[in-house]
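Enquirer: Chains as they are written, first to last, in our numbering: chain A, 1 to 481; chain B, 1001 to 1665. Heads up, the beta-carbon is just placed ideally off N, CA and C, and yes, glycines get one too. These numbers were taken from a predicted model, which means no experiment stands behind them. If you scroll down you'll find the structure; I have some questions about it.
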Amino acid sequence: MNLNNIILLPIVFPFLAAIIMSACNFNEKRRNIFAGSVILINLIFVIYIVKSFGEISLHFIKINEFLDIYFKVDKLSIFFSLLASVLWSFTSIYSMEYMKHEKKEKRFFTYFITTLGVTLGIAFAGNLLTLYLFYELLTLTTFPLVIHSESKEALKSGKKYLIYSFAGATVALMGMLILFSITNDLTFVPGGILKGNKQLYFVAYVSMFIGFGVKAALVPFHSWLPEAMVAPTPVSSLLHAVAVVKSGIYAITRVTYYIFGADAVRTTGANKYLIILVIISILMGSFLALHQENLKKRLAYSTISQLGYILLGILLLNKNAFTGAMMHLLNHAVIKITLFFCVGAIMYTTGKTKMSEINGIGKSMPITMWCFTVSAISLIGIPPTNGFISKWFLAEGALLEGKVAFPAILLVSALLTALYLLPISIAAFFTKENNEAIIKKDAPLKMLIPIICITIITILLGLFPNFVLDFIRDMASEVMN
Amino acid sequence: MNNLNPHKVLLYIIIIPLIGSGISYFVGKKGERLRDIFNIIMTGANLLLITSLYTSIINEKVEVFIPNIMGIGLYLKLDMFRYIFVWLTALIWFLITIYSTQYLLSYKNRNRYYLFFMITYWSTLGIFLSNNFINLFTFFEIMSLSSYPLIIHDEDKYSHEAGRTYLIMAVSGGLVLLMGLFLLYDYTQTLDIDKIKIVIQDIGNIKYVIAWLITFGFGVKAGIFPLHIWLPKAHPAAPAPASAILSGILLKTGIFGILITVEIMGLNDIYISVVLLVLGFITMFMGGFLAMYQRNIKRILAYSSMSQMGYIIVGIGLMGVLHEHNAIALYGIIYHIINHMIFKVLLFMSAGVIYMKLHELSINGIGGFGRNKRVLKICFFIGSCAIMGVPGFNGFISKNLLHHALTEALHLYGGFWLNIGELIFVISSAFTTAYLLKLFIAVFVEESDHDIANIKMKVTGRALVPMSILAVMIIFIGVYPEFIMNIIDKAAETFNIHDTLDMNFYSFENIKSSFVSILLGTLIYVFFIRKVLRKGSGENWWYENTALNWFSLENNLYIPLFTVMFKISSFILKFCDEGLLNLIVFINNGMNSLFKMPLKYKKKSKDMISKKIDEISHINDFTTEFTTDMTHEAKKARYKMNSITYSIYIFGVVLVICLAVLLYS
């Protein structure tokens, strides 16, 4: 048996575990232990593969040049798969407590575990077809999570989610087919596989960018994201931090740097037009977040804006910008997941969801709001946090291209971020609550521990980023010269 | 003590306040007295450590580099120039901590106050010690954020409004500063303050843009016009010790940043200096002018700080203008910074003592209180004389140095504008005297109908000791200026100025010019303030503030401007948000109405009516009218196409086409 088959293990194992979970009828405690251990074991598998095997690949099924399921482990896969696995572990602990309010945990955990497998499939995909396959599967497995509460609103949002996702994937498929017809090859190779300059490349690139961009909440295809806030908080945090949106970004990164290559994209000139959409995303997300009363919707629009930062870094096509984009992918994931967890903790403990209701909860939930404030300051990009570092690289990358307007836009967006995030902390800590007695009741332990752990990761990434920075810089050198 | 490695001591200085803030928070949860004692010991210990470094700094500077923090490492440097700032910061923080333990007894949330107080201390020290622009920026931002909870400590409506203005200005200023740093790094590829000096000259005109962006960022903190709008709001809102820190130290961090930028980075240039001169004069004038109208003690002192910062900015501008003769401007700047730190803190502490007893800050409410409070009167008198520049007090020395620098520039260049500048200088000094007289006489001399002169109040030791230390320092520095001048000699080396200054401060010339402005100020007080602003007579008097209805920079310019921009952007971006959806819904509705449009057509049909009755069967021509629509028609067409007839028909057509293709290819 080919030793490379071990790549399949972390992808298939969750599927099997999910089948077992849906077949058997666990009680609450057993189910929690089962789910938690499955995800932790998966994490161990991923770490094992990364550590002992380095870069391996596997042709799972190869029918012809096009229909080829190909898995590969390279630096970008290691990055994304580790990020996903670690954050999944924390989310599972969090959801064990949170889902007590939401009921139907069995169905939730089944699809939760399955989505982990699918995301790892995306991470380990070695060519566009495999990526596309798991991408579509991702939509399917996250759909039951989105409509979990089965209310009318949830069903409507779920329908919208499906339509957007499938429409986007179809456009991406069109791009893939055009591409295959020219190059006869869809494998990911650092630096790209294209040579020469053909007009059709422009169409292929733009359609793939937009197609995958739907999942990455590119304006104007972003409306599904705020609507998906009806989902329970672990789902929202997962959707907005790790699985869905970052998969879209991951796919775009693969297309831009591992299929086309930076020079080819520059030659097609597509990046000039697409950057307009990205700039609108950045500004619109930050701006409209100011108008939202509901805390989760505010964070959703914030996500749209932050994903714009990452897409900007990808489209600038130089090493600094790429480093900034990948750093921000990591930083935004940890920050956003903390922010969502804190908001979810507030909803779980007190039932409050609006800006106007949260006066003074800093006194009753101090640890939660402290972690929220630390993450909020990181997102604004104030040193010495990790958000500052990714912003620095993005701005330097933009200046290298000679575009002075882009750092200015990033800073305007940072100001808007401060304007919509800081009032939450200020209302929580420095405003007197409205005639309610202060019962010091912080979030339950199972929710608090992931929040604290991820906040600590955020702080460490800000103070000692060199470990991750060097890794990403290696990735950048591989991909560009 | 001398055996301690100065590098290690430098590290301790930075670490102690940070750890101390956390420890004091936890100790405070157990017992308040314990925490107060801990805080006093901690700040005192830090002060002692810093003092011990004096002997090493005299000889050479101390540098420490810690790699890997924040990616580029922490680069700290201490030379005599920075030492002045660091030592004074430590001293004032020590004295204010002692004062706060008395002052805050009537406040809530003391633990939180001390936590953020010490974090501000730590970050301020970091600013003065940083030798790398990113470290400086980091500490600068931390300081802005950690001073916010001090300002809104009372948590009432006014504090929140002041805090909001403060925070927005601080964050915006920080972001503009960051833009400058982005550009700077892009062009010079380094952010070490020493290295930038070498490469800065080669980068061309972009250096003006960078200098302006960075000066904007620091200028928000220093209170330069037109970025000063947070100053008069934040000072009255904060508790008195926090106001003292704000005016005394935090404003100086902005000045420090501008000094570093303009001088050490080699951006000393005629264009930059002239604009700084103009802004400095405007700030100086407006601060003094507006201070005369105010009735709130702290707000008078806040505008006074703004005015004094204006003096320092004028000094910085003069440094650039004077080229080789700029030693005198530099000495003036540093001396005035030292003086302002001392006397402003003394005045705020005195105002705080009044507030502790009366809980009132308006001079209309506290008139006549200080008539028989001897200790307080003396402290206030010393502080006021210091700002006014009365000979014998420290302000006299620094004001004269700056005035001399200005006259030097007049000698070198002459010209209309510099003469106007000289005029503004003298008038602003007069304003200083005027508003201080207003304050002093209203509170300490006049009789009023509030029966409060009889309220007894003893200035307790914890407030008295810091104030007296500062008062003694004022007189000492005023009477014996050589002490400070020697220190500044060493500090000036950082600016490549090596000639020492030999000045006779108590010459007849200087004393005369000082008395001219004091006299002018007294005249302004008598004829303007007493005549115009003071209403009522005898013991029943009050002051009015006619400036309240004037054009307010914040309310009449900034807020409407940003509101308009906000509304326009919201409109455009909301359109983008819903744009795709509205488009699709619009197309959908359009298509729906299009397809559901009724189609009328007439159809001729032959109908056979056959009735069971044999004789009657006739063929009729009917024209019937149908109403139908496209959807129906489409359905009908689809139905028809699926029928067998049509299938065979189509099959036949396809066969014929194949035949034709085969025949002709």
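I want to see whether chain A comes within less than 8 Å of B/Lys1574, judged by CB atoms only; does it?
Expert: Yes, because at least one Cβ of chain A sits closer than 8 Å to the Cβ of B/Lys1574.
Enquirer: Along chain A, which residues have their Cβ under 7 Å away from the Cβ of B/Glu1161?
Expert: The contacting residues do not exist; B/Glu1161 stays about 12 Å from chain A at best.
Enquirer: Of all the CB atoms in chain A, is at least one closer than 8 Å to the CB of B/Asn1046?
Expert: Answer no: the Cβ-Cβ gap between B/Asn1046 and chain A never drops below 8 Å.
Enquirer: Mapping the DSSP letters down to three states, classify A/Asn294 as helix, strand or coil.
Expert: In the structure shown, A/Asn294 sits in a strand (DSSP, three-state: E or B).
Enquirer: Name, going along the chain, the residues of the segment 1055-1076 of chain B whose beta-carbon falls closer than 8 Å to a beta-carbon of chain E.
Expert: Reference to chain E is not applicable here, since the protein chains of this structure are A and B.
Enquirer: Just the chain A side, please: which residues come within less than 9 Å of B/Gly1028 by C-beta, in chain order?
Expert: Residues of chain A passing the Cβ test: none, with the nearest at roughly 15 Å.
Enquirer: Kindly provide the ranges of any beta strand (DSSP E) runs that are 3 or more residues long and lie completely inside the segment 1113-1147 of chain B, ordered along the chain.
Expert: Those beta strand (DSSP E) runs which fall completely within the segment 1113-1147 of chain B and span 3+ residues do not exist here.
Enquirer: Residues of chain A with CB closer than 8 Å to the CB of B/Asp1186, please, in chain order.
Expert: What B/Asp1186 touches in chain A: Glu396, Leu399 and Leu400.
Enquirer: Measuring CB to CB, does A/Pro407 end up less than 8 Å from A/Ala395?
Expert: Closer than 8 Å, so yes.
Enquirer: If you pair each beta-carbon of the segment 1328-1345 of chain B with each one of the segment 1283-1297 of chain B, do three or more pairs fall below 8 Å?
Expert: With a cut-off of 8 Å, the segment 1283-1297 of chain B and the segment 1328-1345 of chain B do not count as touching, because too few Cβ pairs lie within range.
Enquirer: So B/Lys1008 is in the alpha helix (DSSP H); what residue range does that whole segment cover?
Expert: Residues Pro1006 to Lys1030.
Enquirer: Output the boundary residues of the beta strand (DSSP E) element that contains A/Tyr70.
Expert: Asp68 to Lys72 is the span of the beta strand (DSSP E), which, as asked, contains A/Tyr70.
Enquirer: Mind pulling the chain A residues with CB within less than 9 Å of B/Val1171?
Expert: Going along chain A in sequence order, the residues near B/Val1171 (Cβ under 9 Å) are Ile380, Ile382, Ala414, Leu415, Ala418, Leu419 and Leu422.
Enquirer: Please work out which residues of its chain come closer than 7 Å, Cβ to Cβ, to B/Val1465, disregarding the five sequence neighbours upstream and downstream, and give them in chain order.
Expert: Closer than 7 Å at the Cβ level, and outside the excluded window around B/Val1465, lie Ile1098.
Enquirer: Alpha carbon to alpha carbon, what distance is there between B/Arg1110 and B/Leu1104?
Expert: Distance between the alpha carbons of B/Leu1104 and B/Arg1110: 7 Å.
Enquirer: What's the call for B/Asn1005, buried or exposed, on a 16-neighbour Cβ count within 10 Å?
Expert: Exposed: under 16 other Cβ atoms inside 10 Å.
Enquirer: Once the 5 residues before and after B/Asp1614 are set aside, which same chain residues still bring their CB inside 8 Å of it?
Expert: With a pLDDT of 47 at B/Asp1614, under the threshold of 50, the predicted position of this residue should be treated as unreliable, and no value is reported.
Enquirer: When the distance is taken between beta carbons, is B/Thr1165 closer than 8 Å to B/Trp1230?
Expert: Cβ distance < 8 Å, so B/Trp1230 and B/Thr1165 count as in contact.
Enquirer: Taking just the CA atoms, how far does B/Ile1474 sit from B/Val1345?
Expert: B/Val1345 and B/Ile1474: Cα-Cα distance of roughly 11 Å.
Enquirer: Are there three or more Cβ pairs, one per stretch, closer than 8 Å when the segment 88-98 of chain A is compared with the segment 37-47 of chain A?
Expert: They touch, by the three-pair rule.
Enquirer: In angstroms with no decimal places, state the Cα-to-Cα distance between A/Asp263 and A/Phe166.
Expert: About 30 Å.
Enquirer: Exposed or buried, B/Pro1560, counting other C-beta atoms within 10 Å across all chains shown (16 or more means buried)?
Expert: Its Cβ having fewer than 16 others within 10 Å, B/Pro1560 is exposed.
Enquirer: Short check: CB of B/Ala1471 to CB of B/Cys1385, under 8 Å?
Expert: No, Cβ-Cβ distance for B/Ala1471 and B/Cys1385 is not below 8 Å.
Enquirer: When you compare the CB positions of B/Leu1095 and B/Leu1078, do they come within less than 8 Å of one another, or not?
Expert: Cβ atoms of B/Leu1095 and B/Leu1078: not closer than 8 Å.
Enquirer: Please name the residue or residues paired with A/Ile49 in a DSSP beta bridge.
Expert: DSSP output for A/Ile49 lists no bridge partner at all.
Enquirer: Find the nearest neighbour of B/Gly1071 within the set A/Ser207, A/Pro465, A/Asp470 and A/Ile472, judged by alpha-carbon distance.
Expert: Nearest of A/Ser207, A/Pro465, A/Asp470 and A/Ile472 to B/Gly1071, Cα basis: A/Pro465.
Enquirer: If you scan the segment 1345-1392 of chain B from start to end, which runs of the alpha helix (DSSP H) of 4 or more residues do you find wholly inside it?
Expert: Listed in chain order, they are 1363-1366 and 1374-1388.
Enquirer: Any idea which residues DSSP pairs A/Ser57 with across the strands?
Expert: Its beta-bridge partners are A/Lys72.
Enquirer: Going along the chain, which residues of its own chain have a beta-carbon closer than 8 Å to the beta-carbon of A/Gly211, five neighbours each way excluded?
Expert: Cβ neighbours of A/Gly211 beyond the five flanking positions: Gly168, Ala169, Thr170, Val171, Ala172, Leu173, Met174 and Gly175.
Enquirer: Please report the distance separating the alpha-carbon of B/Phe1651 from that of B/Met1641.
Expert: Rounded to the nearest angstrom, the two C-alpha atoms are 12 Å apart.
Enquirer: Would B/Asn1582 pass as an interface residue toward chain A - the criterion being a Cβ-Cβ separation below 8 Å?
Expert: Not one chain A Cβ lies under 8 Å of B/Asn1582.
Enquirer: Considering just the uninterrupted stretch of the beta strand (DSSP E) at B/Val1062, what are its terminal residues?
Expert: Residues Val1062 to Ile1066.
Enquirer: How about B/Lys1606: is its C-beta nearer than 8 Å to some C-beta of chain A?
Expert: Confidence in B/Lys1606 is poor, its pLDDT being 49 and thus under 50, which makes the residue's placement too unreliable to answer from.
Enquirer: Helix, strand or coil for A/Leu316? Go by DSSP, reduced to three states.
Expert: Here A/Leu316 sits in coil by DSSP.
Enquirer: List the residues that DSSP assigns as beta-bridge partners of B/Asp1192.
Expert: For B/Asp1192, which the question treats as bridged, DSSP gives the partners B/Asn1132.
Enquirer: Does B/Met1179 get closer than 8 Å to chain A when you measure Cβ to Cβ?
Expert: Yes, because at least one Cβ of chain A sits closer than 8 Å to the Cβ of B/Met1179.
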